[in-house]
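Trainee: Residue numbers (the numbering used here): 1017 to 1323.
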Ligand SMILES: Cc1cc2nc3c(=O)[nH]c(=O)nc-3n(C[C@H](O)[C@H](O)[C@H](O)COP(=O)(O)O)c2cc1C
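1) Would you say residue 1232 reaches chain D, if we count a Cβ-Cβ gap shorter than 8 Å as a contact?
2) At a cut-off of 7 Å, is residue 1164 close to ligand 1 when judged by its beta-carbon and the heavy atoms of the ligand?
3) How many angstroms separate the CA atom of residue 1344 from the CA atom of residue 1126?
4) For residue 1317, count the other beta carbons within 10 Å of its own beta carbon; 16 or more makes it buried, fewer makes it exposed. Which is it?
5) Counting C-beta neighbours from all protein chains within 10 Å, is the total for residue 1022 16 or more, i.e. buried, or is it exposed?
6) Just list the beta strand (DSSP E) runs in the stretch 1079-1161, keeping only unbroken ones of 3 residues or longer that don't cross its boundaries, in chain order.
7) Starting from residue 1230 and walking both ways along the alpha helix (DSSP H), at which residues does that stretch end?
8) I'd like the list of long-range same chain contacts for residue 1037, defined as Cβ closer than 7 Å, with 5 residues on each side in sequence excluded.
9) Going by other Cβ atoms of all chains shown within 10 Å of its Cβ, with 16 needed for buried, is residue 1025 buried or exposed?
10) Would you mind reading off the limits of the beta strand (DSSP E) that contains residue 1307?
11) How close, in whole Å, do the beta carbons of residue 1084 and residue 1049 come, if the pair is a contact with beta carbons under 8 Å?
12) Please identify the residue among 1086, 1287, 1142 whose C-alpha is closest to the C-alpha of residue 1212.
13) In its own chain, which residues sit with a C-beta less than 6 Å from the C-beta of residue 1156, not counting the 5 before and 5 after it?
14) For residue 1231, is the classification buried or exposed, using 16 other Cβ atoms within 10 angstroms of its Cβ as the cut-off for buried?
15) For residue 1193 and residue 1074, what's the separation of their Cα atoms in angstroms?
16) Any heavy atom of ligand 1 closer than 7 Å to the CB of residue 1239?
17) Grouping DSSP H, G and I as helix and E and B as strand, with all else coil, what is residue 1075?
18) What is the residue span of the beta strand (DSSP E) that residue 1004 lies within?
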């Protein structure tokens, strides 16, 4: 009864929004703040693991920094993650620091819609635990959504060794710009994880937002490798140097050489150097952001184009 009444007053905010953005758009910036210091981390923080939820950066931000997400147009703080340093390691002569997320909050929804939305999303996650591919505690999933305040591009990662071939979507990716490195967090149970560690080369195809359904369809290859490239419904072409099959309609194709890999909780965290980057087409790329972020932008009359 009371739930029906609340639903009439408070709208339903989805967990995620799939949006079409130009890759160079910087709608949200990220800043690491610690005792006596701060640094722009927009292009220098990525997710290393979902369980425990872990952020990687090449910025040494001390033991307990705060990661702030700020709307680039208005300067308004959208959300924060409180971090605790877990460990550091060296990859390709660069220090990389792993921070576990201790707490998080966002200011995208007014109260009580914020509390109601979190309660409803948490309840749904617990109810549909078996089908929830994130396999995270509700509080950690809420913190993960805060990290998506910087919209994350979706790419198709492909690998080919002659005996093993695969292509699947990833969005836990991104640069550690100060170190000149790029990272990918891949669930250790992924069927291609040992192959990527062994062969040390992948191609990243940046798909146009218009082929969202086909991109999502390829998520099944996180579990099952591709039998033949001819089985793909999407046309492919070879990447420039490595000759790895990549998406023909990709806006951009990048080749990565893996220089280091480390298991961080549920994921294998690959550290790579970009070997090539080829812009092929103009257009908007598929991105993910948090549903509460898109809601906040709609309220301001500036929603991201949704796909
Ligand atoms: C758009 C998209 C992006 C994804 N990005 C990643 C990623 O970055 N890392 C990862 O390990 N899995 C990624 N996945 C895979 C899912 O998290 C999940 O493991 C996979 O779909 C298998 O789900 P299931 O175990 O529930 O069947 C992605 C899936 C989709 C659809």
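For every residue, glycine included, the Cβ atom is placed at its ideal position computed from N, Cα and C.
The structure presented is a predicted model; accordingly, all values stated were derived computationally and were not measured.
Mentor: So, from the listed chains and residues:
1) This model lacks chain D altogether, as it is built from one protein chain only.
2) Flag unset: Cβ of residue 1164 not near ligand 1.
3) With the chain running from 1017 to 1323 in the structure shown, residue 1344 is simply not present.
4) exposed
5) exposed
6) Whole beta strand (DSSP E) segments, 3+ residues: 1082-1087, 1093-1107, 1110-1122.
7) 1228-1233
8) 1167, 1300, 1301, 1303, 1320
9) Counting every other CB atom within 10 Å of its CB across the protein chains shown gives residue 1025 a total below 16, marking it as exposed.
10) Note, residue 1307: premise wrong, no beta strand (DSSP E); alpha helix (DSSP H) at 1307-1315.
11) 6 Å
12) It is 1287 whose Cα lies nearest to the Cα of residue 1212.
13) 1069
14) So residue 1231 counts as buried.
15) 8 Å
16) yes
17) coil
18) Outside the shown range of the chain, which is 1017 to 1323, sits residue 1004, and nothing can be said about it.
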